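Residue numbering for the sequence shown follows this note's numbering, starting at 459 and increasing by one per position. Cβ atoms here follow ideal geometry from the backbone N, Cα and C, with glycine treated the same way. Remember, predicted model here, so these are calculated numbers, not experimental data. See structure below.
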Amino acid sequence: MSEWLVLVLAMAAACAFVLVIVLFRQYRLSRAGVAEEDGSETPDVLEYMTMMVGVVYAIVLGLAIAGVWEARSAAQDDVRREAQALHEASQRAQVYPADVREKLHADINRYVSHVVQVEWPRMVDHNELPDRGSELLAAVRTDIAERAPEGELEAQAYQPLLDQIAIADDARNARAENAGATLPGVVWFGLITGALVTVGLIFTLQIGRTPRELLMAGLFSALIAFLLFLVWDFDAPFGRSGSESADAFRQLFTTATATAGRG
Numbered sequence: 459m460s461e462w463l464v465l466v467l468a469m470a471a472a473c474a475f476v477l478v479i480v481l482f483r484q485y486r487l488s489r490a491g492v493a494e495e496d497g498s499e500t501p502d503v504l505e506y507m508t509m510m511v512g513v514v515y516a517i518v519l520g521l522a523i524a525g526v527w528e529a530r531s532a533a534q535d536d537v538r539r540e541a542q543a544l545h546e547a548s549q550r551a552q553v554y555p556a557d558v559r560e561k562l563h564a565d566i567n568r569y570v571s572h573v574v575q576v577e578w579p580r581m582v583d584h585n586e587l588p589d590r591g592s593e594l595l596a597a598v599r600t601d602i603a604e605r606a607p608e609g610e611l612e613a614q615a616y617q618p619l620l621d622q623i624a625i626a627d628d629a630r631n632a633r634a635e636n637a638g639a640t641l642p643g644v645v646w647f648g649l650i651t652g653a654l655v656t657v658g659l660i661f662t663l664q665i666g667r668t669p670r671e672l673l674m675a676g677l678f679s680a681l682i683a684f685l686l687f688l689v690w691d692f693d694a695p696f697g698r699s700g701s702e703s704a705d706a707f708r709q710l711f712t713t714a715t716a717t718a719g720r721g
């Protein structure tokens, strides 16, 4: 399901929720023979408590948005670190003979193609990384580690190359750890319950007597639905659909990803 469709449905559901409550309330008043409740009878302490609940929930919601955004930024940094390390290893291999260099480039491109075309969709859909990627990265490390350097230039490039592969491996492990959702279920329970309580409390102020009040209640509910959608969307560090978060690999390995895409 498209993220935009989810957003539209969530905001429409929030507005419908407000409308149903208002209509039910008006129906109850009409059945009781009461034309309209007197809003001046609302105790001041009730207005104060409603305001405080709204403020507290706004703080909690803001912290949730900041937390999932920070987690997504950290996940994207790991992706860039992994792609940049592999790109740097590919560039440093220029000092090796042509056959060794070509094999190393081929193994790196094979790993990148697997990551973008196979691993990323599985990571987004199932929050896990297949073992094949680790095997392909191990093959890249083997290309370097099992060949003794020949000459001074190769000796100088040997350890930095291994360091870059180690950086890529570490970034890959971090990517695997961040593949799942950021917020635990209990936090989601609190956010959704808080939203229902916050929206519900506005009806204790006898809101809904005029179309203007009804409009403001609907917009307020739609705003909360939008903010919850942001939390839900950012709660997936690598996105909810597609593989746009793998753009760092596409930018640095255009040939490998283009070839895989045609395949």
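Y515 to A653, Cα distance in whole Å?
Taking the sequence shown and counting its residues from 1, one reaches residue 515 at position 57. Taking the sequence shown and counting its residues from 1, one reaches residue 653 at position 195. Computed Cα separation, rounded: 8 Å.
Starting from A639 and walking both ways along the alpha helix (DSSP H), at which residues does that stretch end?
Start at 1 with the first residue of the sequence shown, and residue 639 comes out as number 181. Run containing A639: none; DSSP gives neither H nor E here.
Alpha carbon to alpha carbon, what distance is there between F661 and G697?
Locating residue 697 in the sequence shown gives position 239, where the first residue counts as 1. Locating residue 661 in the sequence shown gives position 203, where the first residue counts as 1. G697 and F661: Cα-Cα distance of roughly 36 Å.
Which of the three DSSP states is assigned to P618 in this structure?
Along the sequence shown, one-based indexing puts residue 618 at 160. Note: P618 maps to helix in three-state DSSP.
Is it the case that the Cβ atoms of A597 and D565 are separated by a distance below 7 Å?
Stepping through the sequence shown from its first residue, residue 597 is reached at position 139. Stepping through the sequence shown from its first residue, residue 565 is reached at position 107. Cβ distance < 7 Å, so A597 and D565 count as in contact.
Helix, strand or coil at L587 according to DSSP, with G and I counted as helix:
Walking along the sequence shown from the start, residue 587 turns up at place 129. Three-state DSSP puts L587 in coil, outside helix and strand.
With a threshold of 16 other CB atoms inside 10 Å of the CB of G719, please say whether the residue is buried or exposed.
Position 261 of the sequence shown, counted from the first residue, corresponds to residue 719. Low confidence applies to G719: its pLDDT is 47, below 50, so where it sits in the model is not reliable, and the reading given next is rough at best. Label assigned to G719: exposed.
Whole angstroms are fine: how far does the CA of R605 sit from the CA of R630?
Numbered from its first residue, the sequence shown carries residue 630 at position 172. Numbered from its first residue, the sequence shown carries residue 605 at position 147. Rounded to the nearest angstrom, the two C-alpha atoms are 24 Å apart.
Backbone CA spacing between D557 and L521 [nearest angstrom]:
Walking along the sequence shown from the start, residue 557 turns up at place 99. Walking along the sequence shown from the start, residue 521 turns up at place 63. Looking at the two C-alpha atoms, the distance is approximately 53 Å.
Rank F707, L681, E702 by C-alpha distance to the C-alpha of L467 and give the top, closest one.
Translated into positions along the sequence shown, residue 467 becomes position 9. Among F707, L681, E702, the Cα nearest to that of L467 is on L681.
Do V655 and I523 have their C-beta atoms within less than 7 Å of each other?
Locating residue 655 in the sequence shown gives position 197, counting from the first residue. Locating residue 523 in the sequence shown gives position 65, counting from the first residue. Not a contact, by the Cβ cut-off of 7 Å.
Over what stretch of residues does the alpha helix (DSSP H) that includes V655 continue unbroken?
Taking the sequence shown and counting its residues from 1, one reaches residue 655 at position 197. Start and end: 643-659.
Can you look up F696 in the DSSP assignment and give me helix, strand or coil?
Mapped onto the sequence shown, residue 696 falls at position 238. Here F696 sits in coil by DSSP.
Do you know how far the Cα of E540 is from the Cα of V553?
The residue given as residue 553 occupies position 95 in the sequence shown. The residue given as residue 540 occupies position 82 in the sequence shown. Each residue's Cα considered, the two are about 22 Å apart.
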